[in-house]
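Worksheet for the structure shown next.
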Amino acid sequence: MTEAESFPPVSRDRRLALLGAPVESGASRRGCAMGPAALRVAEIGERLRRLGYAVDDHGDVAPEPVAGLELPGNARDAATIAGWARVLAERTYGLLHDGATPVVLGGDHSLAMGSVAGVARHCAEIGRELFVLWLDAHADFNTPATSPSGNMHGMPVACFCGEDGFDGVFDEAFGTRVNPANVAMVGVRSIDEDERTLLRKRGVEVVDMRAIDEWGVAAPMREFLRRVKSRNGLIHVSLDVDFLDPGVAPGAGTAVPGGATYREAHLIMELLYDSDRVVSADIVELNPFLDERGRSAVVLAEMTASLFGQTILARPARPVS
Numbered sequence: 040m041t042e043a044e045s046f047p048p049v050s051r052d053r054r055l056a057l058l059g060a061p062v063e064s065g066a067s068r069r070g071c072a073m074g075p076a077a078l079r080v081a082e083i084g085e086r087l088r089r090l091g092y093a094v095d096d097h098g099d100v101a102p103e104p105v106a107g108l109e110l111p112g113n114a115r116d117a118a119t120i121a122g123w124a125r126v127l128a129e130r131t132y133g134l135l136h137d138g139a140t141p142v143v144l145g146g147d148h149s150l151a152m153g154s155v156a157g158v159a160r161h162c163a164e165i166g167r168e169l170f171v172l173w174l175d176a177h178a179d180f181n182t183p184a185t186s187p188s189g190n191m192h193g194m195p196v197a198c199f200c201g202e203d204g205f206d207g208v209f210d211e212a213f214g215t216r217v218n219p220a221n222v223a224m225v226g227v228r229s230i231d232e233d234e235r236t237l238l239r240k241r242g243v244e245v246v247d248m249r250a251i252d253e254w255g256v257a258a259p260m261r262e263f264l265r266r267v268k269s270r271n272g273l274i275h276v277s278l279d280v281d282f283l284d285p286g287v288a289p290g291a292g293t294a295v296p297g298g299a300t301y302r303e304a305h306l307i308m309e310l311l312y313d314s315d316r317v318v319s320a321d322i323v324e325l326n327p328f329l330d331e332r333g334r335s336a337v338v339l340a341e342m343t344a345s346l347f348g349q350t351i352l353a354r355p356a357r358p359v360s
């Protein structure tokens, strides 16, 4: 049996590795740096342990800024973001290589430049195709040439899909990129004009809130999971707090009305767990300074527990396909 065939599923005997990334340089307002601490206070580790996992908390990483890096166009704090991206790529790659499932606690969404790069490298080495499920109010497919703000938390998908303008963020070891056609964005409701054009050109799947209003979340999720399974792929899940409606999770610095409900989000997580394809995750953009008595942190901790098997009723570990 090859390594690719024997890649262990995320079952109760697989270790989960929490990794804090208190980055906020990619966002327009401060506060995300407190996100990892808030998620720990909301007992994200304890909830996962109660499900039967061995959970290792590796603490918070620190960036190693790339001296002198300047990206062409509009990209604020590029050297700092590159420092975070490089260290997170190394850490997620290393954790997967050691048999653990990395769960990165953010921090703003620019961290996904690094976390996904590390996962993509590992998947390439074992011969498995990587798919990314992007749960976010925003597409985050801007580049330094298209970004109106220069905030790099609006650029991670473009970066890990290999768009121009990010030279110098990574060295050659992390040259693996994600096929844009393997990215599915769910819950999107705020896209810049140039971003929209680029998404169409690259064939990124976008399930916006209108589609969810018309069809619910189950139909597009099952189609995405069917596609992943047909290609023996693996999934990285990147959950931004603003995917949820602000009435459910107010602790978001870039909140957009009309987001997913509590139950819609839980159903997505439950379907992902049932798929047996998730190998890594990001939980990002929690800004405790904007939250209401820890409400958003608790919701995100609960969502993470659903992603790894928590259910309302006892069900078979995997449904019969």
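Each residue of the sequence shown is one higher than the last, beginning at 40 in our numbering.
All C-beta atoms in this analysis are idealised placements derived from N, C-alpha and C, irrespective of residue type, glycine included.
CB of residue i within 9 Å of CB of residue j, strictly
i, j, result
"proline 1", "glycine 133", "No answer is possible for residue 1: the residues shown for the chain start at 40 and end at 360."
"proline 296", "proline 289", "no"
"valine 105", "glycine 189", "no"
"glycine 98", "leucine 58", "yes"
"phenylalanine 205", "arginine 160", "no"
"asparagine 221", "leucine 169", "yes"
"methionine 191", "aspartate 281", "no"
"arginine 86", "glutamate 341", "yes"
Closest residue to residue i among the options (Cα-Cα distance)
i, options, result
"asparagine 271", "Asp315, Val246 and Val158", "Asp315"
"alanine 114", "Ala66, Thr131 and Asn218", "Ala66"
"alanine 101", "Ala118, Arg86, Arg266 and Gly122", "Gly122"
"arginine 334", "Gly166, Arg266 and Ala77", "Ala77"
"serine 277", "Asn218, Trp173 and Gly226", "Trp173"
"valine 171", "Cys200, Pro187, Ser149 and Met191", "Cys200"
"phenylalanine 328", "Arg167, Phe213 and Arg69", "Arg69"
"glutamate 234", "Phe209, Asp210, Ser269 and Pro183", "Pro183"
"alanine 163", "Val142, Glu202 and Arg216", "Arg216"
Close Cβ partners of residue i (< 8 Å) along its chain, the five nearest in sequence each way excluded
i, result
"leucine 90", "Arg51, Ala344, Phe347, Gly348 and Gln349"
"tyrosine 301", "Leu283, Val287 and Val338"
"alanine 139", "Arg53, Arg54, Leu55, Ala56 and Asp95"
"arginine 261", "Leu310"
Sequence-distant residues of the same chain with beta carbon closer than 6 Å to residue i, five excluded per side
i, result
"phenylalanine 263", "Ala223"
"threonine 293", "Asp281"
"aspartate 175", "Asp279 and Phe282"
Residues near residue i in its chain [Cβ-Cβ closer than 7 Å; skip 5 each side]
i, result
"glutamate 331", "Pro289"
- Task: Give, in chain order, every unbroken run of the alpha helix (DSSP H) that is at least 4 residues long and sits entirely within the stretch 52-123.
- Result: 74-80 and 83-89
- Validate contact between the stretch 173-182 and the stretch 125-132 using beta carbons, cut 8 Å, 3 pairs: Not touching, per the Cβ criterion.
- Is the stretch 154-168 touching the stretch 236-247, taking contact as three or more C-beta pairs under 8 Å? no
- Within the chosen definition, does the stretch 193-203 reach the stretch 248-258 through at least 3 CB pairs nearer than 8 Å? no
- Please specify which runs of the beta strand (DSSP E), each continuous and at least 3 residues long, are wholly inside the stretch 284-346, giving them in chain order. 317-323
- Item | Contained alpha helix (DSSP H) runs [length at least 4] in the stretch 151-218, N- to C-terminal order | 151-165 and 195-199
- Uninterrupted beta strand (DSSP E) stretches inside the stretch 220-250 (no shorter than 3 residues): 222-227 and 244-247
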